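Participant: So this note's numbering is basically just the index in the sequence shown, starting at one, shifted up by 202.
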Amino acid sequence: MPGSALPDHEETMSKIVIVGAGQAGSQCALSLRQMGFEGSITILGDESHLPYDRPPLSKAVLKSELEIERTVFRPAAVYADQGIELRTDCSVSGIDQAAKTLALSDGSHMGYETLIVATGARARSMPLSDAVLERSYFVRSWDESLALKAKLEAGPKDKPLVVIGGGFIGLEVAASARLMGWPVIIVEADQRLMGRAVHPRISELCLEKHRAEGARVELNTMSGDIEATADGVALTVNGERIEAAGLVIGIGALVNTDFLEGSSIYSDRGLVTDAAQRTSDPDIYAIGDVAICEDRYLASGVRLESVQNAIYGAKICAAAITGSAEPRLEAPWFWTDQYDYSLQMVGLYSPELTWIERDNGQGSVTLIGVDGDQIKAGQVINSAQDFAVMRRAVDMQLAVDAASLSDTSQKLKSLVLKK
Ligand SMILES: Cc1cc2nc3c(=O)[nH]c(=O)nc-3n(C[C@H](O)[C@H](O)[C@H](O)COP(=O)(O)OP(=O)(O)OC[C@H]3O[C@@H](n4cnc5c(N)ncnc54)[C@H](O)[C@@H]3O)c2cc1C
């Protein structure tokens, strides 16, 4: 931002400005009010929609099980009633840290006293021609989900949909498309699905599930020579030339920090914060997908992309600003739905932990990651009950008799929550 322009509005000097009207930004604004902050709060969001829930975009919305309008967290009136100014279609393009002003895309400037960066991340792209990109789909935003949904509904389904990336979003989209009758090919560079986040046994079970549901899954594979055709794309997969109806690119995300370029806190890998979500600039906080908290129970120095992390970080930030009591300690947790598999995870996957498997039969599997007598992580397919136990054990740092955990003749609850 050129020069150090004065704020456009006088009152802006006593206000909190939140950049990013997503899960973390909207939660933080409401938490600030709940915790008694009486000053002015403005949320600036570059999308044209009210803050909305992203998880259904790759699942229920694609399959028409949920109308996209129902992903909106709260009606506009709730923000107005709380005295929160919510500006949509408003992109922040720069910052002057010394003057504590933001540059907005309409050319105006806005001052802040406290700035909260909640800009999330965007889908990572690939070096592809414009023609191929026109036939490619990303699933990060409302508009992107609707574009893919239109394609899935329109058909024809005579050629496969190719999903590049066997991570959570790619696999959820693949499952949704299969359930809508599409032939699907999943191309994953790694040797296993969701490799960075789940135990190899979970990768294996999910691979079997996707194949059993009729998807073709190619591991250890890079897609090559991708070019546009009259009605889709052609690409080479393991030496085979494939004509596809379209590409879904699910190869991870990049943080939205461009507007901070030139500032002392800028990073294209995520904004580092302390335990209170405060960056090295004491007037700037970062929350949600864009943040890397250096001091977080079981997830220090890790950039997490999850609903729980967005909500928890937002509450911690609001508590720090208002001087309120911190929310109860929570380990990171995450879920994904693929076909009839509901996979829930608490703590972070690490091969350093000792993993104990409990095959509960009837398609339900629980993996428990222990370090000595402490449960540090759990990954559960189709057992909400086991997951509730795991969350409690990890959050409360309960000591357990690890050797007993594989005994499936006893419920996990009775082995873990003995006292
Ligand atoms: C398809 C999909 C499925 C998911 N499924 C799950 C799941 O099953 N379970 C789970 O736990 N998590 C899931 N997640 C992750 C979860 O939705 C995110 O972790 C969460 O939305 C992060 O919240 P956030 O507020 O940090 O970012 P976001 O919700 O992405 O919000 C950031 C907002 O900031 C805006 N913005 C960016 N730059 C600017 C700027 N310069 N000026 C103004 N506004 C800006 C963005 O456009 C966006 O609206 C999923 C995510 C996606 C995309």
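We put the beta carbon where it would ideally sit given N, CA and C, even for glycine. As the structure is a prediction and not an experimental result, all values here were calculated from the model.
#1: Quick one: what's got a C-beta closer than 7 Å to Gln284's C-beta in the same chain, skipping five residues either side?
#2: With distance defined between alpha-carbon atoms, name the residue in Ala521, His251, Ala430, Cys408 nearest to Pro277.
#3: For a quick check, are the C-beta atoms of Glu374 and Ser260 less than 7 Å apart?
#4: Could you tell me how far apart the beta carbons of His412 and Leu569 are, in whole angstroms, since I believe they sit closer than 8 Å?
#5: Thinking Gln479 and Ala493 are a contact (beta carbons under 8 Å), I'd like their distance in whole angstroms, please.
#6: Any chance you could list the beta strand (DSSP E) runs of at least 3 consecutive residues sitting entirely within the region 313-342, in chain order?
#7: Quick one: is the Cβ of Ala320 within less than 6 Å of any heavy atom of ligand 1?
#8: Would you mind giving the Cβ-Cβ distance between Trp344 and Ile245, rounded to the nearest angstrom? I have them listed as a contact below 8 Å.
#9: Can you find at least 3 beta carbon pairs, one from the region 573-586 and one from the region 597-614, that sit closer than 8 Å?
#10: In the DSSP assignment, the alpha helix (DSSP H) including Ile225 goes from what residue to what residue?
#11: Within 10 angstroms of the Cβ of Thr459, are there 16 or more other Cβ atoms? Answer buried if so, exposed if not.
#12: What is the DSSP secondary structure of Ala477, reduced to helix, strand or coil?
#13: Would you list, in sequence order, the uninterrupted beta strand (DSSP E) runs of no fewer than 3 residues that lie entirely inside the region 267-308?
#14: For the region 446-458 against the region 335-353, are there 3 or more C-beta pairs whose distance is under 8 Å?
#15: Taking all protein chains shown into account, do 16 or more other C-beta atoms lie within 10 angstroms of the C-beta of Ser552, making it buried, or fewer, making it exposed?
#16: At which residues does the beta strand (DSSP E) containing Trp537 begin and terminate?
#17: Roughly how many angstroms lie between the CA atoms of Ala430 and Phe370, to the nearest whole one?
#18: State the DSSP-derived secondary structure class of Tyr487, mapped to helix, strand or coil.
#19: Helix, strand or coil for Gln546, going by three-state DSSP, please let me know.
#20: Quick one: what's got a C-beta closer than 6 Å to Gln393's C-beta in the same chain, skipping five residues either side?
Facilitator: Taking the geometry as given:
#1: Its chain contains Leu232, Arg235 as the residues whose beta carbon lies nearer than 7 Å to that of Gln284, once the 5 sequence neighbours on both sides are disregarded; these appear in chain order.
#2: If you compare the alpha carbons of Ala521, His251, Ala430, Cys408 with that of Pro277, the shortest gap goes to His251.
#3: Yes; because the gap between Cβ atoms is below 7 Å, this pair is in contact.
#4: About 19 Å; that fails the 8 Å criterion.
#5: Right, the Cβ-Cβ distance comes to about 6 Å (below 8 Å), so this counts as a contact.
#6: Runs found: 316-319, 323-325.
#7: Indeed, a heavy atom of ligand 1 lies less than 6 Å from the Cβ.
#8: Contact between Trp344 and Ile245 fails: their C-beta atoms lie close to 16 Å from each other, not under 8 Å.
#9: Touching, per the Cβ criterion.
#10: It is worth fixing the name first, because residue 225 is Gln in this sequence and not Ile. Looking at the DSSP string, the run of the alpha helix (DSSP H) that includes Gln225 is 225-236.
#11: The Cβ neighbour count for Thr459, taken over all protein chains shown within 10 Å, is at least 16; the residue is labelled buried.
#12: DSSP places Ala477 in coil when its eight states are reduced to three.
#13: As far as the region 267-308 is concerned, its whole beta strand (DSSP E) runs of at least 3 residues are 286-289, 294-298, 303-306.
#14: Under the three-pair Cβ rule at 8 Å, the region 446-458 counts as touching the region 335-353.
#15: The residue in question, Ser552, is exposed, as its Cβ has fewer than 16 Cβ neighbours within 10 Å.
#16: If you look at Trp537, you'll find it in the beta strand (DSSP E) that goes 535-540.
#17: Approximately 26 Å, taken between the alpha carbons.
#18: Three-state DSSP puts Tyr487 in a strand.
#19: Gln546: strand per DSSP, three-state reduction.
#20: Excluding sequence neighbours, Gln393 sits near Leu421, Asn422.
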